[in-house]
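Numbering (this note's numbering), first residue to last: 1 to 117.
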Amino acid sequence: MNFEETCCITGIAEPRLLVASHIKPWSADTDNRHNPANGLLLSATLDKAFDRGLITVARDRRVLVSKLLRDSDSAQTRDYFRKFEQAPLRSAVRFDPDPAFLEWHNAHCFVDYQSSL
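Structure representation (C-alpha cells):
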C-alpha cells in the first residue's frame, strides 16, 4: 500500500481501522476515481472528519483541523484533534497526494474555508 499500511496522519497500523479515502470525492471527479495521487490512507475517525471537511491537508502536506473541532465543547474532542494540527503527513511509498487535489479539498470541503467566504 502507498502509506505502508498505516494511517498517513496517526500512524495507526491496524488494517481493520483504515480507510482508503479520496481527496476529491468520486462524485466530484469521475476521471480521478482510481488515481492513486487522489488518495490518503486514514484511520476511520480521521476519514470521517476528512470527508465531512472537519480536517484537511494543506499543500505543504500539513494537517489543518477545523475551528469546530479545536474549540469543541467536548474536552476529549479538542484534545484528540488538536494534536494533529500542523502535523505532517507520513511519506507515501509511491504516490504523494497531488497538491491540486489537496487545494480542491481545502476550497470545496474544509469548513473553515467555507465559513470565511
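We treat Cβ as the ideally placed atom computed from N, Cα and C, and that holds for glycine. Predicted model, so just to flag it, every value in this text is computed and none were measured.
Item	Value
CB-CB under 8 Å to residue 87, same chain, minus the five flanking residues each way: which ones, in chain order?	9, 62 and 63
Run through DSSP, which three-state label would residue 56 get?	strand
Identify the continuous alpha helix (DSSP H) that holds residue 107 and give its terminal residues.	99–108
How would you write the range of the beta strand (DSSP E) that residue 75 sits in, first residue to last?	It is not in any beta strand (DSSP E) - residue 75 instead sits in the alpha helix (DSSP H) that spans 75–82.
Helix, strand or coil, according to DSSP, for residue 62 in the structure here?	strand
If you run the structure through DSSP and keep just helix, strand and coil, what is residue 111?	helix
How many Å lie between residue 47 and residue 82 at the Cα?	16 Å
At the level of alpha carbons, what is the spacing between residue 93 and residue 106?	24 Å
Rounded to whole angstroms, how far is the Cβ of residue 97 from the Cβ of residue 37, which I believe are closer than 8 Å?	6 Å
Pick from 3, 11, 99 and 2: whose alpha carbon is nearest that of residue 57?	99
Measure the Cβ-Cβ separation of residue 101 and residue 53 and say whether it is below 8 Å.	no
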